[in-house]
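K.L.:
First residue of the sequence shown? That's 76 in the working numbering, and the numbers climb one at a time after it.
This is the structure I want to talk about, given as structure tokens.
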Amino acid sequence: MYSDCHDDRAPAPRDEAFPAVPATPAPADQLVRPCDIKGILHSHSRWADGAHSLSSMVATAQEIGLEYLGISDHFRSASHPDGLDLQAAQVQRQEIERLRALNPSFDILQGIELDVNPDGTLPVDDANLGWFDFVIASFPPNGGWDPQRLTDQIVRAVSHPRVSILGKPMGEFMLQGAKAGVDMPRVLEAAAAHHTAVEVTANPCCAELDWSHCRLAQELGVLLAISPDAHRAARLVDYRHGAELARAAGVCCGGILNTMNHFEVRRYLVQGR
């Protein structure tokens with residue numbers, strides 16, 4: 076089993092990750108490390124646009140030392156025509172339950188990633204969202220964003236009682252969202268008020284963290300979810316990169332959702348609803 080606790084709580088290479096990041100007030104022994112991550116809550120399978128089967132994703136997650144894996148395939152939309160509909164999601168649930176039975180020491184959660192509607196509503200009704208273990212609200216690419224409208228859209232989405240995680244605001248979404256003038260402090264305040272976690276994109280190809288937003292999230296009590304958004308099994312390991320970025324930004328272990336074990340994360344996801 077892989078172990079990435081070799082750093083003995085050494086300070087993160089802050090100068091490489093964030094040249095202009097002021098020193099964090101938190102002691103080094105409180106900052107998150109890759110080995111603190113217990114599981115992943117954003118991954119995709121062959122059921123939608125992922126490259127590998129559920130069983131392959133689960134096997135890889137176990138091999139790299141995780142305790143649980145959340146499968147969050149896309150719901151069918153204009154941006155994801157190969158996504159799941161509700162009937163397919165129910166059949167997927169049956170396969171997940173079979174895999175749970177075969178892997179009693181490893182937890183598998185079924186989530187769904189939704190493209191939020193232009194008015195901030197969700198494309199699935201509350202009753203059907205209720206039988207997913209968690210819901211990720213994401214935003215399809217849109218070059219014509221209006222700052223106020225987009226901020227309102229995001230705030231409405233994170234305020235929805237069924238939304239567990241706001242997808243990608245600390246990654247590639249911010250590259251476009253910042254240009255559109257998204258009011259991230261307002262978004263984070265809404266996330267704090269409604270107990271919605273906020274994703275830190277761990278994919279090295281698109282992870283562009285804003286350290287000030289990470290620290291504001293921590294100050295407001297918003298949990299961050301380090302997420303590789305893995306569409307193939309080999310990319311699950313990217314969570315380590317996300318943890319290093321969060322550490323360099325000064326995020327403490329207690330500020331990361333997926334430092335919880337599988338019992339704790341299930342309790343959090345249920346209580347947040």
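The beta-carbon is built from N, C-alpha and C at its ideal position, and this holds for glycine as well.
Per the DSSP calculation, A323 is bridged to which residue(s)?
P.N.:
Paired residues: none, contrary to the question.
K.L.:
Decide yes or no for the touch test of the region 120 to 135 against the region 330 to 342: beta carbon pairs closer than 8 Å, at least 3 of them.
P.N.:
Verdict: no, contact absent.
K.L.:
Could you give the distance in angstroms between the alpha-carbon of K113 and the alpha-carbon of S152?
P.N.:
Distance between the alpha carbons of K113 and S152: 31 Å.
K.L.:
Going by CA-CA distance only, name the one from A232, A323, V166 that's closest to P198.
P.N.:
Closest by alpha carbon: A232.
K.L.:
Using the three-state DSSP reduction, which class does L159 fall into: helix, strand or coil?
P.N.:
Strand, per DSSP.
K.L.:
Need the endpoints of the alpha helix (DSSP H) that V238 sits in, please.
P.N.:
No alpha helix (DSSP H) contains V238, which DSSP labels as neither H nor E.
K.L.:
According to DSSP, is D313 part of a helix, a strand, or is it coil?
P.N.:
Of the three classes helix, strand and coil, the one that applies to D313 here is helix, per DSSP.
K.L.:
Taking only three categories from DSSP, how would you classify S287?
P.N.:
The answer is helix: DSSP assigns S287 an H, G or I state.
K.L.:
Specify whether the region 152 to 166 and the region 320 to 328 touch according to this definition: at least 3 beta carbon pairs, one from each stretch, less than 8 Å apart.
P.N.:
Counting Cβ pairs under 8 Å, fewer than three are found: no touch.
K.L.:
With distance defined between alpha-carbon atoms, name the residue in H119, I146, S234, S239 nearest to E172.
P.N.:
With distances taken between Cα atoms, E172 lies closest to I146.
K.L.:
Less than 6 Å between C-beta atoms, sequence neighbours within five positions excluded: which residues of the same chain meet that for S131?
P.N.:
A308.
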